[in-house]
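Numbering (our numbering), first residue to last: 26 to 97.
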């Protein structure tokens with residue numbers, strides 16, 4: 026059964042760039058920019074699924090930004 030969409034959690038890497046991991050699949054990749062990351066995600070998905078017809082039609086990115094601040 027074909028998965029219609031795949032969701033990636035995207036986080037900024039402390040050393041620069043971005044990391045992305047798929048929910049429900051063993052796919053992880055990284056990129057120095059969001060554009061590079063998107064291309065790397067496409068490549069990783071292509072490698073992960075055996076058949077072209079199994080590749081999801083929609084790739085959803087959930088970009089998580091962590092921010093800290095002092096209370097006082």
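Idealized CB from N, CA, C, for every residue including glycine.
No experiment lies behind these values; they were computed from the predicted model shown.
Own chain partners of residue 46 with C-beta closer than 6 Å, once the 5 adjacent residues on each side are dropped: Residue 46 sits at position 21 when you count from the first residue of the chain shown. Answer for residue 46: 34 and 53, listed in chain order.
Within the region 30-66, note down every full beta strand (DSSP E) run reaching 3 residues or more, in order along the chain. 30-37, 43-47 and 53-56
In the DSSP assignment, find the beta strand (DSSP E) that holds residue 89 and state where it starts and stops. Working through the chain shown from its first residue, we reach residue 89 at position 64. First-last of the beta strand (DSSP E) with residue 89: 83-89.
By how many angstroms is the C-alpha of residue 44 removed from the C-alpha of residue 89? Residue 89 sits at position 64 when you count from the first residue of the chain shown. Residue 44 sits at position 19 when you count from the first residue of the chain shown. Rounded to whole angstroms, residue 89 to residue 44 spans 10 Å at the Cα level.
Would DSSP call residue 69 helix, strand or coil? As a working mapping, residue 69 is identified with position 44 in the chain shown. Here residue 69 sits in helix by DSSP.
Quick check: what's the CA-CA separation for residue 51 versus residue 80? As a working mapping, residue 51 is identified with position 26 in the chain shown. As a working mapping, residue 80 is identified with position 55 in the chain shown. Near 14 Å, if we compare the C-alpha coordinates of residue 80 and residue 51.
Residue 37: which of 97, 96 and 92 sits nearest, CA to CA? As a first step, residue 37 is located in the chain shown; it is residue number 12 there, counting from the start. Ranking 97, 96 and 92 by Cα distance to residue 37 puts 92 first.
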